[in-house]
Amino acid sequence: MMEHLISLKEWSPEKIRSVLDLARNVKTNPSAYRDAMARKTLLMIFEKPSLRTRLSFEAGMSQMGGHAIYYHTGNSPMGSGKESISDSVKTASRFVDIIMARLFKHADLLEMAEYATVPVINALTDDSHPCQILA
């Protein structure tokens with residue numbers, strides 16, 4: 016089953032513990048995970064720029080054998096409203112394995128999750144910041 020990370024309110028305490036245990040294991044034994052994301056691509060959609068968020072996701076993908084694509088909505092068709100979120104995410108889902116988004120509006124993230132056929136990660140919205148809480 017595909018799972019999004021939209022808000023920690025949607026996750027059980029057991030699920031959160033499991034993710035934190037996995038993160039601890041990755042940190043203490045990185046060589047065991049160097050190919051965990053091999054042949055996987057992460058699309059990082061930024062409406063709100065953040066050096067720390069970009070570095071942590073890009074480095075994480077690289078260290079685990081994957082690839083990250085940076086996309087800023089500022090001067091893009093999606094950001095200008097010329098392309099709908101639903102169409103953009105449907106298209107992106109055909110080419111990437113995971114979508115991470117750092118957006119102003121939580122409603123936009125929910126729309127992404129509704130139309131994506133790959134997992135969506137909330138890297139920040141006006142409602143929640145689950146990755147920072149987990150960190």
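Here the numbering used here is used: the first residue of the sequence shown is 16, the next is one more, and so on. Every residue gets a Cβ at the ideal spot worked out from N, C-alpha and C, and that includes glycine.
- Contact annotation: His121 and Asp142 have beta-carbon atoms nearer than 8 Å.
- Put simply, of Ser22, Met17, Glu18 the residue whose alpha carbon is nearest the alpha carbon of Thr140 is Ser22.
- Residue pairing of Asn137 in beta bridges, as defined by DSSP: Ala116.
- When rounded, the separation of the alpha-carbon atoms in Ala47 and Ser77 is 14 Å.
- The shortest CA-to-CA distance from Ala83 to any of Arg32, Leu125, Ile60 is the one to Ile60.
- A direct Cα-to-Cα measurement between Arg49 and Gly89 gives close to 33 Å.
- Taking the CA atoms as reference points, Leu118 sits about 13 Å from Cys146.
- Taking the Cα positions, Gly81 is about 30 Å away from Lys97.
- In the DSSP assignment, Met59 forms a beta bridge with Tyr85, Met115.
- Each residue's CA atom was taken as its position, placing Met93 and Asp123 some 11 Å apart.
- Counting of Cβ neighbours within 10 angstroms places Ala116 among the buried residues, the total reaching 16 or more.
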